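Numbering (the numbering used here), first residue to last: 79 to 253.
Think of the CB as a built atom: it goes at the ideal place given N, C-alpha and C, for glycine as much as any other residue.
Source: prediction; values computed, not measured.
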Amino acid sequence: MNEREVSYVTYTQKHRDIIITGATAINDFLNNKDVSEKRSLLFCLDMYLDPYFGYELSYFDEIILLLEKHLLFDHCKEIKQDILQLLNDYSKNKLDYLADHIEEIEFELLADALYALSNTFNKEYIPVFILFENHQNQNVSDTAKNALIELSKKNCESVACNCCNENREEIPDAK
79 MNEREVSYVT YTQKHRDIII TGATAINDFL NNKDVSEKRS LLFCLDMYLD
129 PYFGYELSYF DEIILLLEKH LLFDHCKEIK QDILQLLNDY SKNKLDYLAD
179 HIEEIEFELL ADALYALSNT FNKEYIPVFI LFENHQNQNV SDTAKNALIE
229 LSKKNCESVA CNCCNENREE IPDAK
């Protein structure tokens with residue numbers, strides 16, 4: 079039986095101070111530190127981006143954009159996975175930089191990147207999903223197809239749509 083290596087990621091006040099300083103400080107840190115330090119900063123950033131904790135960073139959109147850009151940097155896979163998780167959890171309704179550069183994402187991370195795009199429910203990304211719906215990798219293809227399905231459902235919910243009405247049950251009037 080092989081033992082698996084376990085790693086722990088923690089952050090300190092130093093990481094919190096960097097995030098409070100702003101997007102430029104975060105970017106500089108991600109450009110210059112080792113993997114462990116980068117993962118610590120990203121773990122700390124999770125707290126600052128999560129609405130549950132009540133931080134309202136005025137540079138939130140700048141952080142999302144720099145995270146998108148760092149997906150294309152020469153970071154290790156773990157850093158990119160951490161970044162994708164943050165984008166997936168907190169990107170709101172747009173990831174334009176990622177959508178524009180999706181073909182530059184490593185094959186191993188492509189399905190995760192498409193999933194992050196799909197969670198924005200942004201109709202502007204339909205051409206991206208169409209591009210990958212017949213991808214040779216089943217996971218990538220399925221992610222793109224599911225994104226298209228979810229976008230069509232979301233669109234049907236937001237407008238009067240006859241295409242889905244036959245599948246909906248009539249709800250009796252409340253008396």
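Can you tell me where the alpha helix (DSSP H) holding residue 175 begins and where it ends? Against the sequence shown, residue 175 aligns to sequence position 97. Taken as a continuous stretch (DSSP letters only), the alpha helix (DSSP H) holding residue 175 covers 174 to 178.
Alpha-carbon spacing of residue 143 relative to residue 177, whole angstroms: Here residue 143 refers to the residue found at position 65 of the sequence shown. Here residue 177 refers to the residue found at position 99 of the sequence shown. The straight-line gap from Cα to Cα measures roughly 12 Å.
8 Å Cβ shell around residue 198 - same chain, five flanking residues per side excluded: By 1-based counting over the sequence shown, the position of residue 198 is 120. Excluding residues within five positions, the ones whose Cβ falls inside 8 Å are 169, 170, 171, 172 and 173.
The alpha helix (DSSP H) that contains residue 205, what's its start and end? For the purposes of this step, residue 205 is identified with residue 127 of the sequence shown, where counting begins at 1. If you look at residue 205, you'll find it in the alpha helix (DSSP H) that goes 204 to 210.
Proximity winner among 102, 215, 83 and 115, relative to residue 90 (alpha-carbon distances): For the purposes of this step, residue 90 is identified with residue 12 of the sequence shown, where counting begins at 1. Of 102, 215, 83 and 115, the residue nearest in Cα terms is 115.
Give the single residue among 222, 86, 99 and 167 whose Cα lies nearest to the Cα of residue 129. Here residue 129 is taken as the residue at index 51 of the sequence shown, counted from 1. In this structure, 167 is the residue among 222, 86, 99 and 167 with its C-alpha nearest to the C-alpha of residue 129.
Cα-Cα, which of 122, 227 and 185 is closest to residue 214? Position 136 of the sequence shown holds residue 214. The residue among 122, 227 and 185 with its C-alpha nearest the C-alpha of residue 214 is 185.
Quick one: measure Cβ to Cβ for residue 187 and residue 123, integer angstroms, because I've assumed they're closer than 8 Å. Counting from 1 along the sequence shown, the entry for residue 187 is found at position 109. Counting from 1 along the sequence shown, the entry for residue 123 is found at position 45. Residue 187 to residue 123, Cβ: 19 Å. No contact.
Find out if the Cβ-Cβ distance for the pair residue 208, residue 229 is shorter than 8 Å. Position 130 of the sequence shown, counted from the first residue, corresponds to residue 208. Position 151 of the sequence shown, counted from the first residue, corresponds to residue 229. Contact: no.
May I have the straight-line CA-CA distance separating residue 180 from residue 206, to the nearest angstrom? The count along the sequence shown starts at 1 and reaches residue 180 at position 102. The count along the sequence shown starts at 1 and reaches residue 206 at position 128. Taking the straight line joining both Cα atoms gives about 8 Å.
According to DSSP, is residue 155 helix, strand or coil? Along the sequence shown, one-based indexing puts residue 155 at 77. Note: residue 155 maps to helix in three-state DSSP.
Considering only the alpha carbon of each residue, which of 147, 109 and 104 lies closest to residue 135? Taking the first residue of the sequence shown as position 1, residue 135 is located at position 57. Among 147, 109 and 104, the Cα nearest to that of residue 135 belongs to 104.
Along the alpha helix (DSSP H) that carries residue 116, what are the first and last residues, could you check? Position 38 of the sequence shown, counted from the start, is the residue given in the question as residue 116. Looking at the DSSP string, the run of the alpha helix (DSSP H) that includes residue 116 is 113 to 127.
Residue 183 and residue 149: beta carbons closer than 8 Å? Here the question's residue 183 lines up with position 105 in the sequence shown. Here the question's residue 149 lines up with position 71 in the sequence shown. Closer than 8 Å, so yes.
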